[in-house]
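As structure tokens, the structure follows; a few thoughts come after it.
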Amino acid sequence: MPDENAMDEIFAHYDDEVKEAATQPFKYDDEDDDDIDGGLDTIMAASEKVLAVNRGLTDPDERDSLRFRRIHTMDKLLGERIALDADKILRNTMRRVARQGNLKSIVPGHFNGYSEGLVVGNPLSLPLEEINPLHLLEQARRVTQMGPGGLPSSSSITEDAQNLHPSEFFFLSAIEGPESERIGVDTRTAWGTKIGSDGKLYQRFKNKRTNQYEWLSPQDLEGKVVGLPD
55 MPDENAMDEI
65 FAHYDDEVKE
75 AATQPFKYDD
85 EDDDDIDGGL
95 DTIMAASEKV
105 LAVNRGLTDP
115 DERDSLRFRR
125 IHTMDKLLGE
135 RIALDADKIL
145 RNTMRRVARQ
155 GNLKSIVPGH
165 FNGYSEGLVV
175 GNPLSLPLEE
185 INPLHLLEQA
195 RRVTQMGPGG
205 LPSSSSITED
215 AQNLHPSEFF
225 FLSAIEGPES
235 ERIGVDTRTA
245 WGTKIGSDGK
255 LYQRFKNKRT
265 NQYEWLSPQD
275 LEGKVVGLPD
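With my numbering applied, the sequence shown corresponds to residues 55 to 284, in that order.
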């Protein structure tokens, strides 16, 4: 029989790891700890911004701008489920292994629940009829603000969120989307748009000064003039 004190120590360490992962904000590859740290400086800066907006000294940030958004792709969502031990798969496995004193209970596909839970019963997963091949191409470019971690229901959608925003120019398609109250929050990326490992949208633009093409994000276009090609 395994030592009970050793088991308690293992599960105490497990609980600490999961709690730490649950309290840490999601971090992309290009982000430093200072970018996402909710420390005193961040709180003070946010408080000063709120006071300035309330006094009419500055305009509020455009929360619907793509500059303040990141795209969570499938690999990011799966990594988050593993880090937070969704459905307590790892915890239950550790209990079983500690009780039996061996790894016989771990079989092929034992941890498939992490990926299955992301697909089965998840509002972000949408089974298609696959009758029209063009529908597959359209859904492959789908980006939505609905679902877990986003807007819980259509009643949470504001009129501003449904409107077109200038930062979406060249990045999101303005002519594709549902004909319902979810218009503007259930969108499609424009043709040629790429999603970077940092969660930002990128599109190819021609620099008139260098006459070279560059991949730029909405953050890179801040303060720049963008025109249609000749």
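Ideal placement from N, C-alpha and C gives every residue a C-beta, glycine not left out. All of these numbers come straight from a predicted model, not from anything done at the bench.
Starting from the Cα of residue i, find the closest Cα among the options and give me that residue.
i	options	result
Tyr168	Ala137, Glu268, Ala194 and Pro181	Ala137
Lys262	Lys142, Ile249, Gly246 and Gly281	Gly281
Leu275	Leu190, Phe223 and Ile125	Phe223
Asp129	Tyr267, Gln273, Gly253 and Glu268	Gly253
Ser119	Asn217, Ser221, Leu172 and Ile249	Ser221
Ser207	Ala100, Asp214, Pro177 and Trp269	Pro177
Gly201	Lys260, Ser159, Glu184 and Arg236	Arg236
Arg195	Ser227, Leu132, Glu134 and Lys142	Ser227
His219	Glu230, Gly204, Pro232 and Gly238	Gly238
Let's test the definition: count the other Cβ atoms within 10 Å of the Cβ of residue i and tell me whether it reaches 16, buried, or not, exposed.
i	result
Val174	exposed
Thr112	exposed
Gln154	exposed
Val107	exposed
Arg242	buried
Would you list the one or two residues that DSSP bridges to residue i?
i	result
Ile249	Leu255
Thr243	Leu226
Lys260	Tyr267
Leu205	Met200
Just to confirm the assignment, what range does the beta strand (DSSP E) spanning residue i have?
i	result
Val197	Arg196 to Thr198
Leu270	Gln266 to Leu270
Would the C-beta of residue i count as close to the ligand COA, meaning under 7 Å from any of its heavy atoms?
i	result
Ala99	The ligand COA is absent from the structure shown, which contains no ligand whatsoever.
Would you kindly report the start and end of the unbroken alpha helix (DSSP H) that includes residue i?
i	result
Asp214	Glu213 to Gln216
Pro187	Pro187 to Gln193
Whole alpha helix (DSSP H) runs in the region 88-149 with 4 or more residues, listed along the chain? The qualifying runs are 94-108 and 128-137.
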